[in-house]
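2 protein chains.
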Amino acid sequence: MSIATREWQLVRRPHGKPVADDFRPVEAERPDPGPGEVVVRTIAMSVDPYMRGRMNATKSYAPSWELGETMQGGTVGQVIASRSDAVPEGALVLHGMGWRDVAVLDAGHVSVVEPLPGLPLSLYLGVLGMPGLTAWAGLFRVAAFSPGDAVFVSGAAGAVGSLVGQFARLRGASRVVGSAGTPEKVRWLGDELGFSAAFDYHDGAVADLLAAAAPEGIDVFFDNVGGEHLEAAIAAFNLHGRAAVCGAISSYNAVSAPPGPRNMFLLVGKRLTLRGFLVGDHADLQPEFVETVSGWLRDGSLVARETVVEGLDGAVDAFRDLLRGGNTGKMVVRLTPDPE
Amino acid sequence: MSIATREWQLVRRPHGKPVADDFRPVEAERPDPGPGEVVVRTIAMSVDPYMRGRMNATKSYAPSWELGETMQGGTVGQVIASRSDAVPEGALVLHGMGWRDVAVLDAGHVSVVEPLPGLPLSLYLGVLGMPGLTAWAGLFRVAAFSPGDAVFVSGAAGAVGSLVGQFARLRGASRVVGSAGTPEKVRWLGDELGFSAAFDYHDGAVADLLAAAAPEGIDVFFDNVGGEHLEAAIAAFNLHGRAAVCGAISSYNAVSAPPGPRNMFLLVGKRLTLRGFLVGDHADLQPEFVETVSGWLRDGSLVARETVVEGLDGAVDAFRDLLRGGNTGKMVVRLTPDPE
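Quick mapping for you: the protein sequence lines, in order, are chains A and Z. The C-terminal residue of the first sequence carries number 766 in the numbering used here, and the numbering is unbroken. The C-terminal residue of the second sequence carries number 766 in the numbering used here, and the numbering is unbroken.
This is the structure:
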């Protein structure tokens, strides 16, 4: 006996931008669940910028994905068969096996979650999941935000950035500035998310655009983009400014080393701190994060937008589109509707 | 009545490397001390890399020096006339008015110091002064050194760097690596200061030299140099590495922005922290610093070397030589012998 599944594999390491031929869809036969295992049907799976790094052979903070193996990632699904007393059939769960329509795995590797009345379960992949905790940990712990700070976030219309800006606003930032890559995103930041100012980084030198958007300077920078954005933030920092360096999507597809910030000497006189982080080091913040953010979702003070691609067949295109900035808010791939 | 003094003034803002004509010696008449004032004869004055920044018109952490004014800096001297009960004639004092043979100033602007039996008073400008506290604060607070860390210091033969390396050794570093600019300095670091390894940064790419000198990587980087050294340290960092960014002497004479580190993306995966600092923010560490370092000086566990230039006439040349790396240990200008 076995279970027929559909999965995506990495078959070639991308050089620069990933192309369709770097991936292949396969039909696989997975064994029936053994004792303690569950079978989970994917409701929605996540595509995230960090996945680009896993596709390289070079050493990173996490192992490279192997060629010819099914790719991994955050997934929310429903248990359709169970040989575990702890996780019964019908349970809603999170797991990390992504990129497939059905997963067979140890019940100890899933987390049971509650339904979200009136809200899609895919929020567990975004605002209530890894991107949300990333925004929370980076802003409040790594960058040590405090009320009254002026905050700049790059990639502000993305899954993480859109939350950083809103968290800062809700916690009393004096000013929240974001950069994004299209006029529509810039309008969304101002009109829907309550950013104080936003700009399209294609419209000029980032340093000039930032200086205009934050004429009093910035105290906190949350960086998802790297490169020119980081140099501009260093220039705009007030004394004791802090950067939480979360990502550098501008360089993920780069095939040679990008130029670095030319103004690092400003770290001394302005006593700046630049600190990189990974969300996995901050799991202890999960309870306060979930409690506060759930409340903000319930009372409507937080906007959690998704860009949804329908169907597993679209997963690779969704990922490639993500790296081009095709998403507003969290990019998710939905395979099946939420259960009633 | 008045007091004849000899002083050095800045008369032109240097473009790139300072040249002799940027400065002029003057003979001045300073008024006799008023109530609460003291007259201090300079024993030794300091020249320091930070002074190069004060010579620029551009905004920095401290005001630019005015053209046609006498330059300032750390000085140790003896009170030769006093109208203050708190600071009597004969007292040994520190003040910040430098670059002159005699200073007239408010007694509240001097700090009385004790003689150093068997040691020169000029140590108050180095190991027991601002450079010493800089090394202390940068290593122990800003970079959060802990025993067992592998430490890399750039400009390791300078006033600050030579102390950073020794402090790290004395507090249990697993490895202390330094870079310097001449073979003699490199030998001195290994033979006299007890560095585990040292290299001349002219001998190749800093990244390669550092990888060879610290094959297990580094946990702490104390940067006095900037530029290529910072990039190399980022590459060599172990997880959770911390840089205390103290200075960037490689760029102080630069007339255009130097290239920045091209590997800033490593901050994320390695969770690195780069933090700039100024010693003035860390004055609260002064008591523990003085107590510990005085003990190390007394018991001979710390080497405090000076490069001494004799006479006020040599002060500008001493400063220019400092920026070329002509010093080993602290560069001081001695005007008069220590009192008996």
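All residues carry an ideal CB built from backbone N, CA and C; glycine is no exception.
For residue 615/Z, the enclosing alpha helix (DSSP H) begins and ends at 609 to 617. By the criterion of a C-beta distance shorter than 7 Å, residue 536/Z is surrounded in its chain by 464, 466, 513, 519, 520 and 521, once the five residues flanking it on both sides are discounted. Residue pairing by DSSP puts residue 429/Z in a beta bridge opposite 456/Z. When 8 Å is used as the limit between beta carbons, residue 689/A is near these residues of chain Z: 683 and 686, in chain order. When Cβ pairs closer than 8 Å are counted between the two stretches, the region 621 to 639 of chain A is seen to touch the region 588 to 608 of chain A, the count reaching three or more. Taking a beta-carbon distance threshold of 8 Å, residue 748/A does not count as an interface residue toward chain Z. Look at the beta carbons and you see the region 709 to 726 of chain A touching the region 558 to 569 of chain A: at least three pairs across the two are nearer than 8 Å.
Residue contact check for residue 634/Z against chain A: no CB pair falls below 8 Å. In the three-state reduction of the DSSP assignment, residue 492/Z falls in the coil class. Cβ contact annotation for residue 722/Z (same chain, cutoff 7 Å, sequence separation greater than five): 596 and 728, in chain order.
Contact annotation: in the region 704 to 726 of chain A, residues whose CB is within less than 7 Å of a CB in chain Z are 704 and 707. DSSP, read as helix, strand or coil, puts residue 632/Z in helix.
Taking 7 Å as the cut-off between beta carbons, none of the residues of the region 460 to 481 of chain Z comes near chain A.
Residues of the region 666 to 677 of chain Z with a Cβ closer than 7 Å to any Cβ of chain A, in chain order: 671, 672, 673, 674 and 677. Note on geometry: alpha-carbon atoms of residue 681/A and residue 691/Z lie some 14 Å from one another. In this structure, the CA atom of residue 758/Z is about 14 Å from the CA atom of residue 498/Z. The alpha helix (DSSP H) runs of length 4 or more contained entirely in the region 541 to 609 of chain A are, from start to end of the chain, 556 to 562 and 587 to 596. By alpha-carbon distance to residue 429/A, the top candidate from 740/A, 529/A, 438/A and 503/A is 529/A. Residue burial is scored here from C-beta neighbours: residue 493/A has fewer than 16 other C-beta atoms within 10 angstroms and is therefore classed as exposed.
Of the candidates 446/A, 746/A and 473/A, the residue whose Cα lies closest to the Cα of residue 557/A is 473/A. Between the alpha carbons of residue 593/Z and residue 459/Z lies a gap of roughly 41 Å. For residue 716/A, the enclosing alpha helix (DSSP H) stretches over residues 712 to 724. Contacts with chain Z (Cβ-Cβ distance below 9 Å) from the region 691 to 703 of chain A involve 691, 692, 693, 694, 695, 696, 697, 698, 699, 700, 701, 702 and 703, listed in chain order.
Contact between residue 651/Z and residue 559/Z is ruled out by a C-beta separation of about 20 Å, above the 8 Å threshold. Here residue 761/A is not near residue 570/A, since their CB atoms are 8 Å or more apart. The C-beta of residue 584/A comes no closer than 8 Å to any C-beta of chain Z. With a cutoff of 8 Å on beta-carbon distance, residue 547/Z and residue 739/Z are scored as not near each other. Within chain Z, no C-beta atom comes nearer than 7 Å to that of residue 436/A; the closest sits roughly 19 Å away. Pairing residue 683/Z with residue 688/A gives a Cβ-Cβ distance under 8 Å.
According to DSSP, residue pairing for residue 434/A in a beta bridge involves 451/A. For residue 522/Z, there is no enclosing beta strand (DSSP E), since its DSSP letter is neither H nor E. Interface flag for residue 656/A against chain Z is set, since a Cβ pair is found closer than 8 Å. If you check the CB distance, residue 446/Z and residue 433/Z do not come in under 8 Å. Around residue 461/Z, the same chain offers 509 as residues with beta carbons nearer than 6 Å, after the five sequence neighbours per side are excluded.
In this structure residue 610/A is exposed. Its beta-carbon is surrounded by fewer than 16 other beta-carbon atoms within 10 angstroms. Residue 479/Z and residue 697/Z have their C-alpha atoms roughly 31 Å apart.
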